[in-house]
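Structure record follows, encoded as structure tokens.
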Amino acid sequence: MAKIDNIDLGEFPLLLAPMEDVSDPPFRALCKEYGADMVYTEFISSEGLIRDAAKSMMKLDIYEKERPVGIQIFGANLESMLRSVEIVEKTKPDVIDINFGCPVKKVVSKGAGAGILKDVDLMVKLTEAMVKHTNLPITVKTRLGWDHDSIKIYEVAERLQDVGCKAISIHGRTRAQMYKGEADWKPIAEVKNNPRMHIPVFGNGDVDTPEKAALMRDEYGLDGAMIGRASIGSPWFFKAVKHYFETGTHCEPPSLVERVDIARRHLQMSIDWKGEKLGVFETRRHYTNYFKGIPHFKEYRMKMVTSDHAEDVFATFDEVEEKFADYQFVE
């Protein structure tokens, strides 16, 4: 059983990864409904929090139905990170997660995210200070290393655990790889198999089929899988993985009618949370996968991703439901 401090996540939990402009409350709610065992917020800038930046503060919104939920923050300045912990605590998350893995240039250039992989001592120092500054469990998400020649994740994981980190999620790529090539789970398994490690070790990267999730569990022996890109436009992916774990077979994919219902609810929740303009704009990235595989669908997809008004998108959903109601999806 995987536990983060006193939070019991069950046997081989599935975690929704923190993804910018994706892992917002509406999407987290859908993923939770479809089987995610734990969800994480979009990553939040510590500097944005202490400046009271509206976008950063909005990302602190969490709801009871999401629990257990982790709020993820990033930064490289010790004072800012500690002040942001105090702000985050007020929203009462279950976990505070530190992002030491984001490979995006604008984050890395400030020494944050994966940029801190160049300075492991600072990485450990920040983690230790945050652990001492709060009673909430501190966890870490990171990568294998900065590049192929500087993979030190075995040592890094030990040191983070030793200063009080309660769990570690490891993406099986270096910063230099970004999201290219295949994720390498072997170094993650080496961390898990280290006899000194006793905190949960979660794997991340390329878990895009139920079979891969099972491989991560059965062959690599990890404590859980953190799922990111495979869930975009497919919040039911968590349910599909759990069905495979239980039966060894694939479950029936959601029908067209179910998908339209999910898309409608997703859009409405987004509008309710962030207003029509942003709600319409930020759900667009999901529609391709919601309706992936339907032939001659380009006309409807273009309407969905170019309409600026909610009523037009909802009207397109109605058209899709009427025209393609009998379409059979195949996993």
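Numbering (UniProt numbering), first residue to last: 1 to 331. Think of the CB as a built atom: it goes at the ideal place given N, C-alpha and C, for glycine as much as any other residue.
Looking at C-alpha atoms only, which residue of the options is the closest neighbour of residue i?
i: S169; options: D223, H148, Y179; result: D223
i: F238; options: K105, V39, T142; result: V39
i: A189; options: I138, M216, E321; result: M216
i: V191; options: I151, E331, F314, H243; result: I151
i: Q328; options: L256, D261, V280, Q268; result: L256
i: G101; options: K92, V320, R173, H198; result: R173
i: T91; options: M58, Y179, V120; result: M58
i: E33; options: I116, I153, R265; result: R265
i: V201; options: P254, Y179, H250, L144; result: L144
i: G48; options: M19, V88, D24; result: V88
i: A17; options: S56, I50, V69, K55; result: V69
i: K180; options: P195, D147, K118, E158; result: D147
i: D318; options: R51, Y300, E219; result: Y300
i: T209; options: Y290, A240, L126, G203; result: A240
i: R159; options: V131, A176, V124, F245; result: V124
i: N193; options: Y154, S45, P25; result: Y154
i: L78; options: T288, I116, L60; result: I116
i: E86; options: L122, L136, R196; result: L136
i: F245; options: A213, H198, Y220; result: A213
i: K141; options: H171, V156, H133; result: H171
i: D149; options: R175, G293, Y287; result: R175
i: K132; options: P254, K118, D162, S45; result: D162
i: V120; options: K106, A157, S84, P93; result: A157
i: D5; options: T41, P25, S23, H198; result: H198
i: I7; options: S23, A167, Y220; result: A167
i: M178; options: V107, E219, D218; result: V107
i: V11; options: G221, S270, D21, K186; result: Going by the sequence as given, residue 11 is Glu instead of Val. Checking every option, the nearest Cα to that of E11 belongs to G221.
i: G203; options: E211, G293, A225, R196; result: A225
i: M19; options: D272, D218, H286; result: H286
i: V207; options: I294, W185, T249; result: W185
i: P254; options: A29, G293, K298, G248; result: G293
Just checking my contact of residue i with residue j at CB under 8 Å: how many whole Å lie between their CB atoms?
i: F27; j: F74; result: Not a contact, Cβ separation roughly 20 Å.
i: A36; j: L14; result: 6 Å
i: G205; j: A183; result: 3 Å
i: T139; j: V95; result: 5 Å
i: L267; j: G279; result: 7 Å
i: A53; j: L82; result: About 18 Å separates the two Cβ atoms, so there is no contact after all.
i: F291; j: V320; result: 7 Å
i: I98; j: T134; result: Contact flag wrong, Cβ pair sits at about 12 Å.
i: P25; j: D61; result: 6 Å
i: T288; j: S270; result: The Cβ separation is near 16 Å, so there is no contact.
i: S84; j: S23; result: Actually they are not in contact, since the Cβ atoms of S84 and S23 sit about 18 Å apart, beyond 8 Å.
In this structure, does DSSP put residue i in helix, strand or coil?
i: N289; result: helix
i: Y40; result: strand
i: G224; result: strand
i: H198; result: coil
i: V163; result: coil
i: R175; result: coil
i: N204; result: strand
i: K152; result: coil
i: S169; result: strand
i: K186; result: helix
i: K3; result: strand
i: K180; result: coil
i: V140; result: strand
How about residue i: is its C-beta nearer than 8 Å to some C-beta of chain B?
i: G205; result: Of the protein chains in this structure there is only one, and it is not chain B.
Run the proximity test for residue i: is its beta-carbon closer than 7 Å to any non-hydrogen atom belonging to the ligand MN?
i: I271; result: You won't find the ligand MN in this model; it holds no ligand whatsoever.
Counting beta carbon pairs with one atom in the segment 211-230 and one in the segment 299-308, are three or more of them shorter than 8 Å?
no
Determine, using beta-carbon pairs with one atom in the segment 1-9 and one in the segment 234-249, whether at least three such pairs fall under 8 Å.
Result no; under three Cβ-Cβ pairs closer than 8 Å.
Just to confirm the assignment: which complete beta strand (DSSP E) runs, minimum length 3, are found wholly within the segment 68-128?
Within the segment 68-128, the complete beta strand (DSSP E) runs of at least 3 residues are 69-74, 95-100.
Inter-stretch contact (C-beta, 8 Å, three-pair minimum) for the segment 103-118 and the segment 65-81
Contact between the segment 103-118 and the segment 65-81 is established, with three or more Cβ pairs separated by less than 8 Å.
Between the segment 52-69 and the segment 309-316, can you find at least three pairs of beta-carbon atoms closer than 8 Å?
no
Enumerated in chain order, which unbroken segments of the beta strand (DSSP E) with a length of 3 residues or greater are wholly contained in the segment 8-53?
You should have 14-16, 38-40.
Within 8 Å, do at least three Cβ pairs link the segment 251-271 to the segment 316-325?
yes
Within the segment 248-284, note down every full alpha helix (DSSP H) run reaching 4 residues or more, in order along the chain.
256-274
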